[in-house]
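Novice:
As C-alpha cells, this is what we get:
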C-alpha cells in the first residue's frame, strides 16, 4: 500500500475480469475429468467481485509482498514507485509456466485506496489474461482475529 495509509483492519473490494484460456493441460485427463475441468474453467471466466478483510501491519507493509505467488513458480517482485500516495509494482514468475502482473495503487486518503491490476499467465500453449480494479477502506486500528 502507499505509505500514507493507516495500519490496521482494511476491507478490500476487488473485481477481476478473466479472459483467454486457462493455462492447464487437460489432454491427459479422463473424458469425465476433462469435462469437469472445462466446466469449472468456463465458470471462472468473466468478471468476478470479491470482498475480503485483511490486517495491514507494519511488518507486512515493510516486507512489501503485495502480490501473491503460485507454488512451483519462481517469482521476482519489483517496486517501481513507492511514494506517500502511489505504489506501482510488477511481478514476473517462471516455473511450471510464466506469469506477469502489474499493479498500480493510489491512496485517496489515509483511510481509502484504489487501484488496478493487470496480468497474464501462460502454460501448455494457453494464455489467461486478467484485468482488475480494487478499492480499500480502513475499518479501524484493531484487526481482531483477522490476519
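Numbering (the working numbering), first residue to last: 154 to 300. Think of the CB as a built atom: it goes at the ideal place given N, C-alpha and C, for glycine as much as any other residue. Remember, predicted model here, so these are calculated numbers, not experimental data.
#1: Could you tell me which residues DSSP puts in a beta bridge with residue 161?
#2: Just to confirm the assignment, what range does the beta strand (DSSP E) spanning residue 190 have?
#3: Cutting at 8 Å between CB atoms, please list the residues of its own chain near residue 206, excluding the five before and the five after it.
#4: From 158, 167, 174, pick the residue whose C-alpha is nearest to that of residue 280; which is it?
#5: Thinking C-beta only, is residue 229 closer than 8 Å to residue 242?
#6: Output the distance between the C-alpha atoms of residue 266 and residue 233, rounded to the nearest integer angstrom.
#7: Considering only C-alpha positions, which residue in the set 239, 159, 188 is nearest to residue 213?
#8: Which residues in the same chain as residue 275 place their Cβ atom closer than 8 Å to its Cβ, once the five residues preceding and following it in sequence are excluded?
#9: Around the Cβ of residue 260, are there at least 16 other Cβ atoms within 10 angstroms (buried) or fewer (exposed)?
#10: Going by other Cβ atoms of all chains shown within 10 Å of its Cβ, with 16 needed for buried, is residue 199 buried or exposed?
#11: Using 8 Å for Cβ pairs, my map puts residue 178 next to residue 277. What's the rounded Cβ distance?
#12: What number of angstroms, rounded off, separates the C-alpha of residue 290 from the C-alpha of residue 264?
Specialist: This is what the structure gives:
#1: 209
#2: That residue, residue 190, is in no beta strand (DSSP E); its alpha helix (DSSP H) goes 184–197.
#3: 162, 163, 164, 165, 292, 299
#4: 174
#5: no
#6: 18 Å
#7: 159
#8: 176, 250, 251, 252, 281
#9: buried
#10: exposed
#11: 4 Å
#12: 6 Å
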